[in-house]
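If you read the sequences in order, they're chains C and L. For what it's worth, the working numbering labels the leading residue of the first sequence as 261, then goes sequentially. For what it's worth, the working numbering labels the leading residue of the second sequence as 261, then goes sequentially.
There are 2 protein chains.
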Amino acid sequence: MFKRAKQSRVFQDVVDQIQEAILTKKLAPGTRLPAERDLKEMFNTSRGTLREALRVLEQKGLIEIKLGVAGGAIVKQIDTDPLMESLALLIQSGEVSLEHLSEFRIKIEGSLVELATERASPKDIEELERLQARARHCYDIQDWESFLKTDEAMHTYIGTMTRNPVFQFVQKSIHDNIHRYYQDFLPMNRERTLENLQDFDKIITAMKSKNGAAASAIITDHVQRFHDKMTGKRP
Amino acid sequence: MFKRAKQSRVFQDVVDQIQEAILTKKLAPGTRLPAERDLKEMFNTSRGTLREALRVLEQKGLIEIKLGVAGGAIVKQIDTDPLMESLALLIQSGEVSLEHLSEFRIKIEGSLVELATERASPKDIEELERLQARARHCYDIQDWESFLKTDEAMHTYIGTMTRNPVFQFVQKSIHDNIHRYYQDFLPMNRERTLENLQDFDKIITAMKSKNGAAASAIITDHVQRFHDKMTGKRP
DNA sequence: AAGAACAAAATGGTTTAACCATTAGGATTA
DNA sequence: TAATCCTAATGGTTAAACCATTTTGTTCTT
């Protein structure tokens, strides 16, 4: 029925107060908080306790701490980095496997591409073609590592095109984490890379003609093939 | 080209060492770390610095700290709570809106229900029917708050049925966050609640006959209607 | 005047030693 | 036997000092 009353953790109270101020924009991104020695006076606490609070806020991605004179705690623009770090922990701990991620991709990436197609601006298409050209160059000089990076950038950019930060986070974190362990499971070679290039050619073509359904179908198949290779159904 | 060399932050080194030990299962969940006064000796550091490290690990969700004798830092089973907290921060900061979340739901929840249908065990269906009965009871006594909680529990349970932690996290975090701000946008009433009940009746029926496509279609429509109401397209 | 070298000061990072608050478990008592 | 109290281990907090880094201004050299 009731929750246990708040334990007396002074630093938690400091965290809450500063977090509240940041979330309600009383402290805008870029703002520099007072020095630790001043903050400790304001909160009527010791410097050690205050620093524990700052450590927590830093870990949450709400502030960034710089050294030296003119240094201090600076309010950060909130981003998805802490989210991605948490996901990486789940993967590294084995709680989430690459197969799990890959299965999720199969279900989501088609919808994502469809949305991106609907909302694509001419500039977006240009950027995709620029990335695709770079990928082709990497293929030509057989630089698989750079190819993978470009591939990741393309997927991530398609996420951006949805104009929806949830999709953007999903896309970024999936590909960031998949690529981090890619080599262990599925080393790139000439054949796979070429297949990848051709798929993206088709996707960009479909996007240009605003054919979201087609683009979705192509990438879903693309992802499905990747999943099958990884899980060894078609080794 | 190069990253700046690691800054001398002793507590970060302590964090890394303990995190490494946890992720590689050298420290299993449930294990109790030595007392702070002992750890500080092992790492050859001061207690303050050590505590900053513990604070970070606690924030990451890797350990839990208990008070009193026989207390201390206990290795936690990693879960999705830190991920959900990060998402909540993004929402509270306005970086992600409920409309963004809702749009994401429309695209994903159909696939999720389809997967859940494929993998549903008889026990799962029983559990869903139990929850549905509870929801009906809440409807009968017009307890909208409990109804919402039960509704959230059903969605979350369907996530569990996918047997894929990624879907589980997505479902949990979406509904946890949507319901947190539900009342502000869309207060429940007799009509909406009844509609909700009927939709779930259909979904469970479709699941029982292993008709994933039908279940998917029903919930997608359900979510779409919710989204339209919230964004005011059909007020 | 321009640039290089140096010095000063502010700030975060760390250390030490002490005391307070909480809690499990044993000792005591009714 | 059961309730109560005491003890000791452990996390939480405080205080004062010193170290390390970095910006900024000053001085010296050419």
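Quick reminder that beta carbons are idealized off the backbone N, C-alpha and C, glycines included.
Contact between F486/L and Q392/L does not hold, since their C-beta atoms are separated by about 18 Å, which reaches or exceeds 8 Å. By DSSP's assignment, R292/L forms a beta bridge with I334/L. Annotation: Cβ neighbours of R315/C in chain L (cutoff 7 Å, chain order): E312, R315 and V316. In this structure, the alpha-carbon of L375/L lies about 39 Å from that of D276/C. Looking at the DSSP output, E301/L sits in no beta bridge, so it has no partner there. Linking Q272/C to A313/C through their CA atoms gives a straight-line distance of about 7 Å. The closest CA to that of K336/L, considering only L358/L, R292/L and T377/L, is found on R292/L.
It is roughly 14 Å from the alpha-carbon of S362/L to the alpha-carbon of L347/L.
Here R315/C is buried. Its C-beta has 16 or more other C-beta atoms within 10 Å. Non-local beta-carbon contacts of R379/L in its own chain, meaning distances under 7 Å to residues more than five positions away in sequence, involve M421, T422 and R423 in chain order.
Within 7 Å of the CB of S353/L, the CB atoms of chain C belong to L283 and I338, in sequence order along the chain. Of all residues in the region 403-423 of chain L, none is placed with a Cβ closer than 7 Å to any Cβ belonging to chain C. The continuous stretches of beta strand (DSSP E) do not include E359/C, which lies in the alpha helix (DSSP H) extending over residues L358 to R379.
Take Y399/L, set aside five residues on each side of it, and the residues of its chain with a beta-carbon closer than 7 Å to its own are F407, T453, L454 and L457, in chain order. DSSP places I463/C inside the alpha helix (DSSP H), whose first and last residues are R450 to K468. By the C-beta density criterion, D411/L is buried, having at least 16 other C-beta atoms within 10 angstroms. Judged by DSSP in its simplified three-state form, I325/C adopts strand. The Cβ neighbour count for M302/C, taken over all protein chains shown within 10 Å, is under 16; the residue is labelled exposed. The C-beta distance from E324/C to L310/C rounds to 17 Å, too long to fall under 8 Å, and the pair is not in contact. Taking a contact as a CB-CB distance under 8 Å, the pair V483/L and P425/C does not count as one, their CB atoms being some 19 Å apart. Looking only at T416/C, I418/C, Y441/C and G328/C, the smallest Cα-Cα distance to E359/C is reached by Y441/C. Not a single CB atom of chain C sits nearer than 8 Å to the CB of E324/L. I479/C sits close to G370/C, with the two beta carbons spaced by under 8 Å. CA-to-CA, the gap between P294/C and K320/L works out to about 26 Å. N437/L: member of the alpha helix (DSSP H) spanning P425 to R440, first to last residue. Bounds of any alpha helix (DSSP H) do not take in R269/C, whose DSSP letter is neither H nor E. Looking at I334/C, Q352/C and E387/C, the one whose alpha-carbon comes closest to that of A413/C is E387/C. Nearest to M467/C by C-alpha distance, out of F427/C, D339/C and V373/C, is V373/C. Across the structure, F364/C and G308/L are spaced so that their CA atoms are roughly 42 Å apart. Of all residues in the region 478-490 of chain L, none has a C-beta nearer than 7 Å to a C-beta of chain C. By the criterion of a C-beta distance shorter than 7 Å, F429/C is surrounded in its chain by T340 and L343, once the five residues flanking it on both sides are discounted.
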